[in-house]
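Q: Take this structure first; my questions come after.
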Amino acid sequence: MKNIITLLAGLIFGLGLIISGITNPAKVIGFLDIAGLWDPSLVFVMLGGISIAFIGFKLVQNKTQTVFDDPIHLPGTTQISKDLVIGSLLFGAGWALAGFCPGPALVALGAGYKEAFIFVIAMIVGMYIHDRLFKACLK
Amino acid sequence: MRYNCLKELSMHLTINWPNFTPSASLFGGILIGLAASILVIFRGKIAGISGILAGLMETENISQDHHRWRALFLIGLIGSSFIYQIFAPLPEINISASKSKLMIAGLLVGFGTRMGSGCTSGHGICGLSRLSHRSLVATISFMISGFVVCYLFLHAS
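As given, the protein sequences belong to chains A and B, one line each in that order. So for the first sequence, this note's numbering puts the first residue at 3; every next one is plus one. So for the second sequence, this note's numbering puts the first residue at 23; every next one is plus one.
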């Protein structure tokens, strides 16, 4: 049961991305291009998402287990690190270059776009470089 | 002072009315928020796509469920286009970036989201709705960087 619900959550997430329009990189770049013809649609995606997720997280904030007895993992870190800022700046740069962030890229991959395939492979390589090489070097 | 800055910015902002889709985007956003709520309520997990994807590659010190829920969520996400097109034609996707630009962008997004512990979904939706200060800093950082890089590529040359 909980596996079906998890699958459905992924499906609803993807449908939300498609309906909101942000699986289209041209629309994302239309939002990031504030000096050109600006498309503020992405603000509305965030408003819709945050307001509903706010309720969802409120419902679990005092719980430690789900109805299926799984632990509820909420991030506990509060420290604002250099990595958080530098990593997010790098992410934003890549986001603006292609118009893809991870979710929409995976949806476009599922729709069969070979450009999304190239992006997703490079993204996985980037993750691997960070997690396996970069972090290992710092240790 | 602040009023003047806002006035200045608003005078230079030109809204792209034909492409602006407030209701569809709001509805899509509501579905995204609903999916994030379902995942945390019924599975106890955060719907951060970069973290879910990267977690699939982990092999050390992991529980039995570690890969299963991630794979299921991603199958649903990747399969959403297929389900959508049963009911309606998929909206068009325009990708203008060249192959090399896509690769550089992908590397930056992959590396940056791991270093910054999240992307638009994990920080921008889940983190902000939890009123996390870290996620607010992350979201402001990737938005500013996105605006600047977009400006550099579209207007500075």
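Built from N, CA and C at the ideal position, the CB exists for glycine as well. Quick caveat: nothing in here was measured; it's all calculated off a predicted structure.
(1) Can you give the Cα-Cα distance for I88/A and K65/A, rounded to whole angstroms?
(2) Could you give the residue range of the alpha helix (DSSP H) that holds A110/A?
(3) Mind checking whether M125/A and I147/B have CB atoms under 8 Å apart?
(4) Taking C-beta pairs closer than 7 Å, name the residues in chain B that L86/A reaches, listed in chain order.
(5) Report the start-end ranges of each alpha helix (DSSP H) in the segment 59 to 131 of chain B that is 4 residues or longer and not cut off at the edges.
(6) How far does the alpha helix (DSSP H) with D133/A in it reach, from first residue to last?
(7) Could you tell me the boundaries of the alpha helix (DSSP H) in which K60/A lies?
(8) Please say whether L111/A and F119/A have beta carbons closer to each other than 8 Å?
(9) Taking just the CA atoms, how far does N116/B sit from N5/A?
(10) Under a Cβ-count criterion, where at least 16 other Cβ atoms within 10 Å of its own Cβ denotes burial, should H132/A be classed as buried or exposed?
(11) Should the segment 55 to 68 of chain B be regarded as contacting the segment 56 to 71 of chain A, the criterion being three or more beta carbon pairs within less than 8 Å?
(12) Do I31/A and L35/B have their C-beta atoms within less than 8 Å of each other?
(13) Just how far apart, CA to CA, sit R90/B and N83/B?
(14) Three-state secondary structure (DSSP) at T43/B?
(15) Output yes or no for whether 8 Å exceeds the beta carbon distance between F15/A and A69/B.
A: Short version:
(1) Here residue 88/A corresponds to residue number 86 of the first sequence, with the count starting at 1. Here residue 65/A corresponds to residue number 63 of the first sequence, with the count starting at 1. Cα-Cα distance, rounded: 33 Å.
(2) Stepping through the first sequence from its first residue, residue 110/A is reached at position 108. Where A110/A is concerned, the enclosing alpha helix (DSSP H) stretches over P104 to G112.
(3) Counted from its first residue, the first sequence places residue 125/A at position 123. Counted from its first residue, the second sequence places residue 147/B at position 125. No, the Cβ-Cβ distance between M125/A and I147/B is not below 8 Å.
(4) Stepping through the first sequence from its first residue, residue 86/A is reached at position 84. Residues of chain B passing the Cβ test: G138, S139, R156, V159 and A160.
(5) 71 to 77, 87 to 100 and 102 to 109
(6) Against the first sequence, residue 133/A aligns to sequence position 131. Where D133/A is concerned, there is no enclosing alpha helix (DSSP H), given that its DSSP letter is neither H nor E.
(7) Position 58 of the first sequence holds residue 60/A. Residues S43 to V62.
(8) Stepping through the first sequence from its first residue, residue 119/A is reached at position 117. Stepping through the first sequence from its first residue, residue 111/A is reached at position 109. Yes.
(9) Here residue 5/A is taken as the residue at index 3 of the first sequence, counted from 1. Here residue 116/B is taken as the residue at index 94 of the second sequence, counted from 1. In a straight line, the C-alpha of N5/A is about 34 Å away from that of N116/B.
(10) The residue you call residue 132/A lines up with position 130 of the first sequence. Burial call: buried.
(11) The segment 55 to 68 of chain B, when compared against the segment 56 to 71 of chain A, does touch it at the 8 Å Cβ threshold.
(12) Within the first sequence, numbered from 1, the residue matching residue 31/A stands at position 29. Within the second sequence, numbered from 1, the residue matching residue 35/B stands at position 13. No.
(13) Sequence index remark: in the second sequence, residue 90/B carries index 68 (1-based). Sequence index remark: in the second sequence, residue 83/B carries index 61 (1-based). Answer to the nearest angstrom: the Cα atoms are 15 Å apart.
(14) The count along the second sequence starts at 1 and reaches residue 43/B at position 21. If DSSP states are grouped into helix, strand and coil, T43/B belongs with coil.
(15) Walking along the first sequence from the start, residue 15/A turns up at place 13. Walking along the second sequence from the start, residue 69/B turns up at place 47. Cβ distance < 8 Å, so F15/A and A69/B count as in contact.
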